[in-house]
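What follows is one structure encoded as structure tokens, with my remarks underneath.
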Amino acid sequence: MARIDLRNLAHAYGPNPREPRAYALKPLNHTWEDGGAYALLGPSGCGKTTLLNIISGLITPSQGQVLFDGVDVTAMPTEARNIAQVFQFPVIYDTMTVYDNLAFPLRNRRVPAPAVDARVREIAAMLEMTDVLRKRARGLTADAKQKISLGRGLVRSDVAAILFDEPLTVIDPLLKWQLRSQLKQLHKKSGYTMVYVTHDQTEALTFADKVVVMFDGEVVQMGTPAELFERPAHTFVGYFIGSPGMNVLAAEVDGTVATVDGREIRLPRAYGKSTPDRKVELGIRPEFVRVARGQGLPVTIRKVEDVGSYKIARLALGQREIAAVAPEGTEFPADDVGAVFDPAHLNVYVDGHLVDGTPVRGA
Amino acid sequence: MDRPTNQKAWFLVLPVLLLVAFSAVIPLMTVVNYSVQDTFGNNEFFWAGTAWFEEILHSQRFHEALARNLIFSAIILAIQIPLGIVVALSMPRKGIGVSICLVLMALPLLIPWNVVGTIWQVFGRVDIGLLGHTLEAIGIDYNYVRDPLDAWFTIILMDVWHWTSLVALLCYAGLVSIPEAYYQAARIDGASRWAVFRYIQLPKMNRVLLIAVLLRFMDSFMIYTEPFVVTGGGPGNSTTFLSIDLVKMAVGQFDLGPAAAMSIVYFLVVLLFSWIFYTVMTNFERGGQ
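In the order they appear, the protein sequences are chains E and S.
Going by numbering that gives the first Met the number 0, 348 is the number at position 349 of the first sequence; the sequence numbering is gapless.
Going by numbering that gives the first Met the number 0, 178 is the number at position 179 of the second sequence; the sequence numbering is gapless.
Right, dumping it as structure tokens:
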């Protein structure tokens, strides 16, 4: 178990990167606390797997350092790092039994047989696989195989962290839920630092205490699921997390007034005057948009989607589309429709990044 | 099972059945026909029953050729399979080296068999051959025309040169199909080079190895052209394998009956060994579950 620090870490696959675009992973500083459950969330190709492979030592970074409990391990090979990794597709040793699969990492490290046996049985019990220990691993289902891959990581008592690279991709949707909650329990029982890479927000938000959102080789936000939801630090986080994602509207801002399509909206905080050379946007979650008659911005209702437990209204504001979430049973007005934004949840973004305004008395 | 059956499918298989009938079944049946009859030409046939089979099965000439052939196949498999694996493991996985390697490896496979025989026939000659002359020059008494051991050495070396690349290419195909994650997981698990081979690469190569073993067994057991060109079955009978013996009997001595009986026995032996290899290797893969 260990705390992992990344210092000024960056990676480019090509040699001699010059421009920032050549980096698969842009320079970043980050700390994974000991025993934490982290999710690394982002779309495909954003550098999540690269980051994971750098931590496990499968890739040597172009620059920067990786520290385990303060010790620089950047130059250390994978096998010396005490890292466990679970891959997208289950990796099992076909010809071995489940027992031998679990024992494999320990035997490779010349752990005495009685200790191996005790540990394997302990982990098998934890994974609820005791009754298949003598079975050949190849005949098992995908989820059982994935549990074995995980077990090979857990079995080593010296493991600094367990890394998961989209481990539930090939698992049935129904079993995904089970495995995910088992994983969560395992994290509590074992206390290992776990880093979980995924592009699925549900997986990330249910597994992790802290979610790290990556976009285009950069860490754009780290926070609890609630923080990511309420105050997305980047417009990308806004529309990547949540279903539907955050509404992002191009706007001009001056003081406490934002102008969208010629309409003024009061802001709860004061901001500087926007200049044309920077992209200013207003972000509001659909959950905080209310559809009302004769109030707010004039919109037309394009369509209403009923997803069962709530309704999503797709509103047209000029050329733009705004989504609004309303409870089941809401009747939408037929004419003179307006969209009201909850001012407490209005966020202002400049060039994609969240800007903190100054609080205004009496606003 | 109450799966719906559709007998019409048989019509789709019919063309293939006809093709196989003309190319294999009917010629085989003619052989069966010869094997149970005696003929003196003029298209006159007399029923001989199992006489030819008894003759062949009790013939020392057949026993010796069979023994020679089995030893030859055993040596070929013992050399080519491990060597092919080693070659496949050391081939590059990416870059320009891959195509160069593949083309070089495929070259021996593209040469007509009698040309291979001729190449080695000349290569091994003591007076003008590069191999033969060199060996003699450094003081090794080598002459494949006179010495049975040298003849065997030459033929085995030739076959290894000719066919090892087939095994290597098959194994290589098996190796490149292993996802990178397996190697990464093995590194994380602290597996040694040997363990990676034993528990990842070998199991993944199992299928292609089965094909390689079967192909190499059948080919080496039925080898004819190359040793015929190089040694003609000599010196003495030392490199007379079953196929060479069969041709001698059938078209040299014109003993059609015994030759036909021998063909059938020969065919059954190949079939038997192929079945044994198949069963043993697929059982090994399943690991006696």
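From the three backbone atoms N, C-alpha and C, an ideal C-beta is built for every residue, glycine too.
Does any residue of chain S have a CB that is nearer than 7 Å to the CB of E/F228? no
Rounded straight-line distance, which links the Cα of E/T49 to that of E/L39: C-alpha separation (whole angstroms): 11 Å.
With 16 as the cutoff for other CB atoms within 10 Å, does S/W9 come out buried or exposed? exposed
Please tell me whether E/P104 has its Cβ less than 7 Å away from any Cβ of chain S. Chain S, which has a Cβ nearer than 7 Å to the Cβ of E/P104, makes this yes.
With E/T205 as the anchor, note down where its alpha helix (DSSP H) starts and where it stops. 200-206
Residue span of the beta strand (DSSP E) that contains E/K272, given as start and end: Taken as a continuous stretch (DSSP letters only), E/K272 belongs to no beta strand (DSSP E), as it is neither H nor E.
Separation of S/A23 from S/V35, as counted between CA atoms: 19 Å
Ranges of the alpha helix (DSSP H) found wholly within the stretch 204-274 of chain E, counting only runs of at least 4: 224-229, 234-239
Residues from the stretch 65-94 of chain E in contact with chain S, defined by Cβ distance under 8 Å: P76, T77, E78, I82, A83, Q84, F86, Q87, F88, V90, Y92, D93, T94
Minimum Cβ-Cβ distance from E/L57 to chain S less than 7 Å: yes
Neighbourhood of S/L255 by C-beta distance below 8 Å, restricted to the same chain and skipping five residues each side: Y33, T38, A249
Go ahead and pull the three-state DSSP assignment for S/D188. coil
For S/R206, would you say it is in contact with chain E, using Cβ-to-Cβ distances shorter than 7 Å as the test? no
Please state the DSSP three-state secondary structure of E/F287. helix
What residues from chain S crowd round E/R151, counting only those whose CB sits closer than 9 Å? Within chain S, the residues near E/R151 are A184, I187, D188.
Give me, in chain order, the residues of the same chain whose beta-carbon lies closer than 6 Å to that of E/K175; leave out the 5 immediate sequence neighbours on both sides. Counting only Cβ-Cβ distances below 6 Å, and skipping sequence neighbours, we find L167.
Please confirm if S/A180 has its CB atom under 7 Å from at least one CB of chain E. Yes, S/A180 lies at the interface with chain E (some Cβ there is under 7 Å from its Cβ).
Whether S/T224 touches S/G232 by CB criterion (7 Å): no
Are the C-beta atoms of S/Y141 and some chain A residue less than 7 Å apart? Protein chains in the displayed structure are E and S, and chain A is not among them.
If we define contact as Cβ-Cβ less than 7 Å, is E/R118 a contact residue for chain S? no
Name the one or two DSSP bridge partners that E/A280 has. What sits at residue 280 of chain E in the sequence shown is Glu, not Ala. E/E280 is bridged to E/A249, E/Y348.
Give the DSSP-derived three-state secondary structure of S/K93 in the structure shown. coil
Exposed or buried, which one is S/L245 when buried takes at least 16 other CB atoms within 10 Å? buried
Who are the Cβ neighbours of S/G287 in its own chain at under 8 Å, not counting the five residues just before and after it? Here the model assigns S/G287 a pLDDT of 42, short of 50, so the residue's position is not dependable, and the following value carries that caveat. Nothing meets the Cβ criterion.
E/R289 and E/G356 look like a contact to me (Cβ under 8 Å); what is the Cβ gap, rounded to whole Å? In fact, because the Cβ distance is near 22 Å, the residues do not count as touching under 8 Å.
S/A47, DSSP secondary structure in three states: coil
Which residues in the same chain as E/A1 place their Cβ atom closer than 7 Å to its Cβ, once the five residues preceding and following it in sequence are excluded? D33, F67, D68, A159, A160, T192
Inter-residue Cα distance where the pair is S/L267 and S/A66: 15 Å
Proximity to S/H57 [Cα-Cα], best of S/H161, S/T4, S/A185, S/A260: S/A260
Looking at C-alpha atoms only, which residue of E/T223, E/R284, E/G44 is the closest neighbour of E/V347? E/R284
Where S/I199 meets chain E, residues with beta-carbon distance less than 8 Å: For S/I199, the chain E residues whose C-beta falls within less than 8 Å of its own C-beta are Y92, listed in chain order.
How close, in whole Å, do the beta carbons of E/R292 and E/V336 come, if the pair is a contact with beta carbons under 8 Å? 7 Å
Any 3 or more C-beta pairs closer than 8 Å across the stretch 71-83 of chain S and the stretch 214-222 of chain S: Between the stretch 71-83 of chain S and the stretch 214-222 of chain S there are three or more C-beta pairs closer than 8 Å, enough to call the two in contact.
Report yes or no: is there a C-beta of chain S within less than 7 Å of the C-beta of E/N100? Judged by the 7 Å Cβ criterion, E/N100 is not in contact with chain S.
E/G356 (DSSP reduced to helix, strand or coil): coil
Under 7 Å, Cβ to Cβ, is there at least one residue of chain S near E/R108? yes
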